[in-house]
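See below for the structure under consideration.
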Amino acid sequence: MLEEIKRFRQLLGRQLRKTRQQYGLSIEDVAGHVDTGADHLGRIERGERQPTAYTFAKLCDYLGLDSHVLLEIMDELKQHRAD
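Using the UniProt record's numbering, read the sequence shown as starting at 1 and increasing by one per residue.
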C-alpha cells in the first residue's frame with residue numbers, strides 16, 4: 001500500500017510538472033499564484049509530498065486541469081497493479 005501511495009504522488013507530481021512546463025511557467029510563477037512556496041511545489045512535483053486538497057484545487061484551477069486527472073492517475077495505478 002505504501003508503494004502505491006508513493007507511486008500516486010509521483011504520477012501526480014509528474015502531471016503537474018508536465019502541465020506547468022507546457023505553459024512555460026516556472027515553479028516560482030505557479031507557487032506564487034497558489035500561495036505555496038517554490039520549494040514545497042518542487043517537492044510535490046518530484047512526488048516527495050502530496051498536496052492538500054485545497055492546494056491541489058488551486059493548482060488545477062491555475063493550470064487549467066480538472067479533477068479527472070486524479071481518475072486518470074488511479075487508472076494508471078490499476079494498470080500497474082495488474083502487470
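C-beta: ideal position from N, C-alpha, C; glycine also.
I need the boundaries of the alpha helix (DSSP H) containing residue i, first residue and last residue.
i, result
"G42", "38-45"
"R49", "It is not in any alpha helix (DSSP H) - R49 carries neither H nor E in the DSSP assignment."
Evaluate residue i with the Cβ neighbour count: other Cβ atoms within 10 Å of its Cβ, from every protein chain shown; 16 or more gives buried, anything less gives exposed.
i, result
"L71", "exposed"
"R81", "exposed"
"A31", "buried"
Quick one, which of the options has its alpha-carbon nearest residue i's?
i, options, result
"H40", "H80, L77, R17", "R17"
"K58", "R49, D75, T36", "T36"
"I73", "R9, Q22, H33", "R9"
Which of helix, strand or coil does DSSP assign to residue i?
i, result
"L70", "helix"
"G24", "coil"
### Message
Does the structure place the segment 41-59 close enough to the segment 9-27 that three or more beta carbon pairs sit under 8 Å?
### Response
Contact holds between the segment 9-27 and the segment 41-59, because three or more Cβ pairs, one in each stretch, are under 8 Å apart.
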